[in-house]
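Peer 1: Be aware that the sequence shown starts at 0, since it is given in numbering that gives the first Met the number 0, and climbs by one per residue. Glycine residues also receive a C-beta, built at the ideal position from the N, C-alpha and C atoms. Please see the structure below; I have some questions.
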Amino acid sequence: MQKTMQSDFSGFLVEHMKEALDNDEQIILFQNRRGYNPVWACEVCGWNPHCKNCDVSLTYHKNSNILKCHYCSYFTPPVGACPKCQSNRLKMIGFGTEKIEDELSIILPGVRVQRLDLDTTRQKNSYENILRDFDDRKIDILVGTQMVTKGLDFDNVSLVGILDADMMLNRPDFRAFERSYQLMSQVAGRSGRKSKRGKVVIQTYDPDHWIIRHVIEHDYMGMYKNELIERKNYFYPPYYKMINLTLKHRDPNKLDMMAADLADRMREVFGSRVLGPEFPVVKRIQNSYLKVIRLKVEKEASHKKVKKLLQKKINDFYSAPHNKSVRIIIDVDPI
Ligand SMILES: [Zn+2]
Ligand SMILES: [Zn+2]
Numbered sequence: 000m001q002k003t004m005q006s007d008f009s010g011f012l013v014e015h016m017k018e019a020l021d022n023d024e025q026i027i028l029f030q031n032r033r034g035y036n037p038v039w040a041c042e043v044c045g046w047n048p049h050c051k052n053c054d055v056s057l058t059y060h061k062n063s064n065i066l067k068c069h070y071c072s073y074f075t076p077p078v079g080a081c082p083k084c085q086s087n088r089l090k091m092i093g094f095g096t097e098k099i100e101d102e103l104s105i106i107l108p109g110v111r112v113q114r115l116d117l118d119t120t121r122q123k124n125s126y127e128n129i130l131r132d133f134d135d136r137k138i139d140i141l142v143g144t145q146m147v148t149k150g151l152d153f154d155n156v157s158l159v160g161i162l163d164a165d166m167m168l169n170r171p172d173f174r175a176f177e178r179s180y181q182l183m184s185q186v187a188g189r190s191g192r193k194s195k196r197g198k199v200v201i202q203t204y205d206p207d208h209w210i211i212r213h214v215i216e217h218d219y220m221g222m223y224k225n226e227l228i229e230r231k232n233y234f235y236p237p238y239y240k241m242i243n244l245t246l247k248h249r250d251p252n253k254l255d256m257m258a259a260d261l262a263d264r265m266r267e268v269f270g271s272r273v274l275g276p277e278f279p280v281v282k283r284i285q286n287s288y289l290k291v292i293r294l295k296v297e298k299e300a301s302h303k304k305v306k307k308l309l310q311k312k313i314n315d316f317y318s319a320p321h322n323k324s325v326r327i328i329i330d331v332d333p334i
């Protein structure tokens, strides 16, 4: 555990990596990919290229040297000069598995590093080949996403590093804590199989976070009980059923008006169980703007009745001619 981090690797983790390598032991580093995509950005003014169709930064792919949108298929080569301040100091920032691989080659020169993620396992048999090479000790450090968390048992792994627990915990999703606990516990279980006792290093700015404490103490029941209290207090499943309505329209002003109209109509029957409308994390995809209205209903409520009331409100909403052009996507208990 280390509270401060100068780079992506704390001194504490580097020290333990060196120790494992000195003992001819292997290492697994876990980096949850979500939210870690490397972006191409201007060092001077912070400008970074966005997708022309979606409200997201483009992700830099080093091997193919392109900038790509992960929501639509748009891609473009990296620009050499910043269009905002004309500086030519553009570089890759972020924390993807590719960047970790690069940093390791600087921190631990000569060490054999392999990534295990969607990019390196696209080809047939590549997943199996990487795991076999790791098992045959042709790889010292395996750097991976969720793929390294499950079912991999290697005798010689003595250290597992979880590189950024905070990003997992801070995801805007009511399941983020539970999911973080699962991922961290699973990846921690990769260390020290069978004969040897392994080490797990979790990098975080918040080592006292209750989820991290439960991971360290292998306390699933404690996590479960705490999580249930939180869920109840904040009106989440399993105590409440969630229904998300996503409205889509090309004109953001019309969308605003229509979303407010629908939310008002819903409040007439559901009252304070209606939240929003608000923009989702990504508010424009393929040139359509999105707004979300959330409905949280007590688990005991009759779902048939809720469905009927909601459908009636949506029908009324659509019967107004100016609302006809919006699309509504309904998602019950969204993941
Ligand atoms: Zn700039
Ligand atoms: Zn896009």
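Please classify glycine 10 as buried or exposed, where buried requires at least 16 neighbouring CB atoms within 10 angstroms.
Peer 2: Residue 10 sits at position 11 when you count from the first residue of the sequence shown. Exposed: under 16 other Cβ atoms inside 10 Å.
Peer 1: Whose CA, out of Leu151, Tyr239, Pro279, lies closest to the CA of alanine 258?
Peer 2: Along the sequence shown, one-based indexing puts residue 258 at 259. Nearest of Leu151, Tyr239, Pro279 to alanine 258, Cα basis: Pro279.
Peer 1: What would DSSP say about serine 179, mapped onto helix, strand or coil?
Peer 2: Here residue 179 corresponds to residue number 180 of the sequence shown, with the count starting at 1. Note: serine 179 maps to helix in three-state DSSP.
Peer 1: Given that a residue counts as buried once 16 or more other Cβ atoms are within 10 Å of its Cβ, and exposed if not, what is cysteine 84?
Peer 2: Counted from its first residue, the sequence shown places residue 84 at position 85. So cysteine 84 ends up on the exposed side.
Peer 1: Taking C-beta to C-beta, are glutamine 179 and glutamate 24 nearer than 8 Å?
Peer 2: Here residue 179 refers to the residue found at position 180 of the sequence shown. Here residue 24 refers to the residue found at position 25 of the sequence shown. Checking the sequence shown, residue 179 turns out to be serine, not glutamine. Not a contact, by the Cβ cut-off of 8 Å.
Peer 1: If you drop the 5 nearest sequence neighbours on each side, which residues of the same chain put their C-beta closer than 8 Å to that of arginine 131?
Peer 2: In the sequence shown, the residue the question calls residue 131 occupies position 132. Excluding residues within five positions, none has a Cβ falling inside 8 Å.
Peer 1: Suppose only complete runs of 4+ residues qualify. What are the alpha helix (DSSP H) ranges in the stretch 195-227, listed by chain order?
Peer 2: DSSP runs (the alpha helix (DSSP H)) wholly in the stretch 195-227: 209-215.
Peer 1: Who are the Cβ neighbours of valine 273 in its own chain at under 7 Å, not counting the five residues just before and after it?
Peer 2: Numbered from its first residue, the sequence shown carries residue 273 at position 274. For valine 273, where only same-chain residues beyond five positions count, the Cβ hits under 7 Å are Ala262, Met265, Arg266, Ile292, Leu294.
Peer 1: In terms of DSSP beta bridges, what is alanine 40 paired with?
Peer 2: As a first step, residue 40 is located in the sequence shown; it is residue number 41 there, counting from the start. BP columns for alanine 40 point to Lys90.
Peer 1: Where does threonine 75 land, buried or exposed, given buried means 16+ other C-beta within 10 angstroms?
Peer 2: Against the sequence shown, residue 75 aligns to sequence position 76. The residue is exposed, with fewer than 16 neighbouring Cβ atoms inside 10 Å.
Peer 1: From the DSSP output, in three-state form, read off leucine 107 for me.
Peer 2: Residue 107 sits at position 108 when you count from the first residue of the sequence shown. Reduced to three states, the DSSP call for leucine 107 is coil.
Peer 1: So, is arginine 283 buried or exposed, given that buried needs 16 or more other C-beta atoms within 10 angstroms?
Peer 2: The residue labelled residue 283 in the question sits at position 284 within the sequence shown. Arginine 283 should be labelled buried.
Peer 1: How far does the alpha helix (DSSP H) with glycine 10 in it reach, from first residue to last?
Peer 2: On the sequence shown, residue 10 is found 11 positions in, with the first residue counted as 1. Start and end: 10-21.
Peer 1: If we count the other Cβ atoms within 10 Å of its Cβ and call it buried at 16 or more, is methionine 167 buried or exposed?
Peer 2: To locate residue 167, count along the sequence shown from 1; it is residue 168. Buried is the call here.
Peer 1: Would you give the residue range spanned by the beta strand (DSSP E) that proline 276 belongs to?
Peer 2: Working through the sequence shown from its first residue, we reach residue 276 at position 277. First-last of the beta strand (DSSP E) with proline 276: 273-277.
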